[in-house]
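Here the structure is laid out as structure tokens; the discussion comes afterwards.
Protein chains in written order, with my numbering: chain A, 76 to 409; chain B, 76 to 409.
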């Protein structure tokens with residue numbers, strides 16, 4: 076990036092109205108319409124103290140938790156809350172699971188900007204992943220900001236990984252996560268590489284948050300286009316600073332796009348055309364390919380950031396999780 | 076699409092300024108900046124008579140031709156203009172080509188909205204494809220609107236295909252094209268299927284124009300974001316109507332997204348995050364996957380429609396064409 080000359084010309088884009096597209100399912104149309112009706116966060120509404128953050132988190136997590144009973148009906152499963160290496164986890168077992176499926180195991184690192192979706196709100200993606208793969212999923216309730224900034228999340232993911240691989244072939248384990256969970260998945264693998272520890276058999280990175288410095292082009296292009304993560308400049312930058320703390324947002328374990336993906340396991344990456352992290356996903360995919368990693372890119376029409384989790388009744392969500400499940404079954408040992 | 080209810084809520088997106096991103100090469104940054112400085116077509120500037128179209132085409136083609144000498148220097152090749160089955164073609168032979176490479180052959184269908192880039196202006200993508208694959212490319216100068224609307228282009232592509240496959244294994248031939256050329260590639264294969272004729276060994280679809288009805292979500296989202304194809308509502312809709320003529324824009328041979336891709340050859344699809352045809356590409360990819368076709372999706376950070384052709388000096392262009400070349404070498408017989 077030797078040529079960020081001030082003579083380069085920015086591009087002006089006029090205000091526009093985005094209709095709900097006719098090119099997606101009725102369920103996704105309803106989700107897109109609902110998101111368009113939802114209030115948007117203004118910069119002034121972002122918390123500025125730890126106490127204000129805690130209140131903000133409590134409100135958001137309560138909202139996230141509201142879908143749990145619906146998920147439980149549509150995607151029957153059991154949840155066993157326990158601790159692994161001192162870290163709280165929830166083991167999600169899909170209905171119909173039998174011991175002959177125990178050869179493969181998934182670990183989920185939830186999203187939420189390293190701030191949101193802790194505790195009981197942490198299992199939505201894990202439940203969907205368990206349902207579509209038929210596999211058990213260990214959902215890691217890693218410590219988060221403001222109380223536990225970086226590197227607490229990486230430390231917790233690493234501790235769980237070490238404990239789980241003590242009596243299980245690492246190549247039989249897939250790790251997946253969306254948004255911050257996708258970034259944390261990459262950070263975990265960078266950390267494992269640096270420690271010389273064995274790596275997972277495969278990864279699934281859902282619209283991974285890999286650039287907390289804010290350089291991705293889609294942060295500008297899809298600002299206010301994305302219905303779920305509408306603006307990096309409001310909640311994104313605030314959560315990035317809160318999480319990174321003293322390490323700073325450019326640390327490769329905070330922003331894994333600055334890490335080296337050489338030797339990484341096969342990965343499937345998922346995003347949507349309205350996703351504010353479209354560029355994060357695409358840049359990660361390209362960096363993996365450039366490093367010789369087997370990678371597959373999945374993009375969905377008109378989807379916002381992580382919408383495959385929230386529009387869980389849509390056929391597009393079933394395709395997204397179906398692709399992830401097939402990728403794990405095709406690449407994990409066991 | 077049973078639920079396009081008027082109660083669905085559109086999404087308002089404010090005006091924005093897109094900086095030239097720091098996340099791409101210096102060469103692509105220069106291209107993005109140049110495109111931001113270029114004048115944009117207004118609806119009032121679109122031609123409305125056949126004569127006005129001819130003048131518009133002549134001006135645009137002269138511009139397109141201006142890069143030919145630069146391409147000839149950077150990507151040395153020979154051009155042999157000839158006719159196949161009455162259709163004008165140019166056979167592009169990359170420097171260093173030897174007869175042991177003759178087992179595989181590529182056919183290129185150029186872009187330009189079924190209106191532009193005819194004649195000497197038709198070979199840019201073919202030259203790049205020949206260079207990166209090391210293979211001969213037959214560049215088809217198919218007839219275009221306004222003088223020859225649909226189905227002339229499909230008829231010409233079909234005539235060339237039949238003649239070339241008379242003495243060559245179809246499975247050893249790859250067909251590729253960008254924009255209208257990608258749409259025409261799909262239309263050709265739909266036509267071959269309907270005639271029960273053998274299909275190509277593999278396809279490369281560069282940001283294919285598959286929905287001339289204008290329904291793709293990116294026509295709204297990336298309007299004025301894309302620096303090359305800035306607006307469907309100006310030049311897109313006008314060229315679509317001019318090309319489709321009496322068949323109408325919803326005919327599957329005009330808008331192949333309405334066709335059935337079952338049984339299609341393996342395909343690689345390429346687009347960029349700023350591409351106004353991002354949705355066309357993604358929808359085609361998803362429809363192929365749903366039909367059980369082996370398909371691979373390649374997306375490039377901050378690229379506009381077909382920019383890999385025009386930013387031919389960028390490493391991103393080399394990666395895009397390198398992926399296409401590798402895909403053909405991996406999938407074509409011979």
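By construction, the Cβ of each residue, glycine as well, lies at the ideal position given by its N, Cα and C atoms. Just so we're clear, the structure is a prediction, and the values are computed from it rather than from any experiment.
Residues that DSSP places opposite residue i in a beta bridge
| i | result |
| --- | --- |
| residue 152 of chain A | A:169 |
| residue 251 of chain B | B:183 and B:279 |
| residue 394 of chain A | Beta-bridge pairing links residue 394 of chain A to no other residue. |
| residue 162 of chain B | B:159 |
| residue 86 of chain A | B:93 |
| residue 410 of chain B | Here chain B comprises residues numbered 76 to 409, so residue 410 of chain B is not present and cannot be evaluated. |
| residue 347 of chain A | A:375 |
Spatially closest choice to residue i from the options, by CA coordinates
| i | options | result |
| --- | --- | --- |
| residue 282 of chain A | A:223, A:381, A:318 and A:123 | A:381 |
| residue 236 of chain A | A:134, A:213 and A:179 | A:213 |
| residue 360 of chain B | B:150, B:278 and B:110 | B:278 |
| residue 178 of chain B | B:96, B:245 and B:238 | B:245 |
| residue 138 of chain B | B:121, B:87 and B:197 | B:197 |
| residue 412 of chain A | A:111, A:397 and A:273 | Here chain A has residues from 76 to 409 only, and residue 412 of chain A is not among them. |
| residue 298 of chain A | A:211, A:327, A:84 and A:115 | A:115 |
| residue 136 of chain B | B:194, B:153 and B:113 | B:194 |
| residue 109 of chain A | B:132, B:85, B:98 and B:207 | B:85 |
| residue 206 of chain A | A:397, A:407 and A:352 | A:397 |
| residue 156 of chain B | B:131, B:406, B:127 and B:215 | B:215 |
| residue 113 of chain B | A:99, A:220, A:83 and A:341 | A:83 |
| residue 29 of chain A | A:293, A:93 and A:141 | Residue 29 of chain A is absent from the structure shown; chain A starts at 76 and stops at 409. |
| residue 118 of chain B | B:312, B:320 and B:340 | B:312 |
| residue 209 of chain B | B:133, B:180 and B:321 | B:180 |
| residue 256 of chain A | A:192, A:184 and A:211 | A:184 |
| residue 182 of chain A | A:224, A:231 and A:150 | A:231 |
| residue 402 of chain A | A:151, A:123, A:340 and A:88 | A:340 |
| residue 247 of chain B | B:151, B:211 and B:154 | B:211 |
Residue span of the alpha helix (DSSP H) that contains residue i, given as start and end
| i | result |
| --- | --- |
| residue 258 of chain B | 255-270 |
| residue 206 of chain B | 199-208 |
| residue 364 of chain A | 353-365 |
| residue 237 of chain A | 227-239 |
| residue 137 of chain B | 125-140 |
| residue 384 of chain B | 382-385 |
| residue 25 of chain B | With chain B running from 76 to 409 in the structure shown, residue 25 of chain B is simply not present. |
| residue 314 of chain B | 312-319 |
Beta strand (DSSP E) segment containing residue i, residue limits
| i | result |
| --- | --- |
| residue 373 of chain A | 370-375 |
| residue 112 of chain B | From DSSP, residue 112 of chain B is part of no beta strand (DSSP E) but of the alpha helix (DSSP H) over 101-112. |
| residue 214 of chain B | 212-215 |
Chain C contact residues for residue i, given Cβ-Cβ distances below 9 Å
| i | result |
| --- | --- |
| residue 92 of chain A | In summary, chain C is missing from the structure at hand, where the protein chains are A and B. |
Three or more C-beta pairs below 8 Å linking the stretch 158-168 of chain B and the stretch 189-202 of chain B: Pairwise C-beta distances place the stretch 158-168 of chain B in contact with the stretch 189-202 of chain B, as three or more of them are shorter than 8 Å.
Tell me whether the stretch 307-322 of chain A and the stretch 94-114 of chain B touch, counting them as touching only if at least three CB pairs, one residue from each stretch, are closer than 8 Å. Touching, no.
Note down, in chain order, all residues in the stretch 396-407 of chain B with a beta-carbon under 7 Å from any beta-carbon belonging to chain A. Going along the stretch 396-407 of chain B in chain order, one finds no residue with a Cβ nearer than 7 Å to chain A.
Three or more beta-carbon pairs under 8 Å between the stretch 384-394 of chain B and the stretch 383-403 of chain A, yes or no? With the rule of 3 Cβ pairs closer than 8 Å, the stretch 384-394 of chain B does not count as touching the stretch 383-403 of chain A.
Give me the subset of the stretch 364-380 of chain A whose CB atoms are less than 9 Å from a CB atom of chain B, sorted by chain position. Those residues of the stretch 364-380 of chain A that come within reach of chain B (Cβ to Cβ, closer than 9 Å) are 364, 365, 371, 372, 373, 374, 375, 376 and 377.
Closer than 7 Å, Cβ to any Cβ of chain B: which residues of the stretch 176-195 of chain A, in chain order? For the stretch 176-195 of chain A, which is checked against every Cβ of chain B, not one residue is closer than 7 Å.
Please name the residues in the stretch 283-298 of chain A whose beta-carbon is closer than 7 Å to at least one beta-carbon of chain B, in chain order. Those residues of the stretch 283-298 of chain A that come within reach of chain B (Cβ to Cβ, closer than 7 Å) are 290, 291, 292, 293, 295, 296 and 298.
Determine, using beta-carbon pairs with one atom in the stretch 336-346 of chain B and one in the stretch 363-380 of chain B, whether at least three such pairs fall under 8 Å. Yes: the two stretches touch, three or more of their Cβ pairs being nearer than 8 Å.
Determine contact between the stretch 280-299 of chain B and the stretch 312-323 of chain B, defined as no fewer than three beta-carbon pairs at a distance below 8 Å. For the pair of segments examined, the stretch 280-299 of chain B was found to touch the stretch 312-323 of chain B: the number of CB pairs separated by less than 8 Å reaches three.
Residues of the stretch 102-129 of chain A in Cβ contact with chain B at a cutoff of 7 Å, in chain order, please. Taking 7 Å as the cut-off between beta carbons, the residues of the stretch 102-129 of chain A near chain B are 104, 108, 111 and 112, in sequence order.
Listed in chain order, which residues of the stretch 333-367 of chain B have Cβ atoms closer than 9 Å to some Cβ of chain A? Taking 9 Å as the Cβ-Cβ cut-off against chain A, the residues of the stretch 333-367 of chain B that qualify are 346, 347, 348, 349, 353, 354, 356, 357, 358, 360, 361, 364 and 365.
So, does the stretch 324-339 of chain B touch the stretch 266-278 of chain B, judging by three or more C-beta pairs under 8 Å? Contact between the stretch 324-339 of chain B and the stretch 266-278 of chain B is present, because at least three Cβ pairs lie under 8 Å.
Under 9 Å, CB to CB, which of the residues in the stretch 255-268 of chain A have a partner in chain B? The stretch 255-268 of chain A vs chain B, Cβ under 9 Å: nothing.
Using a Cβ cut-off of 9 Å, which residues of the stretch 298-326 of chain A contact any Cβ in chain B, in chain order? So the list reads 298, 299, 300 and 302, given in the order they occur along the chain.
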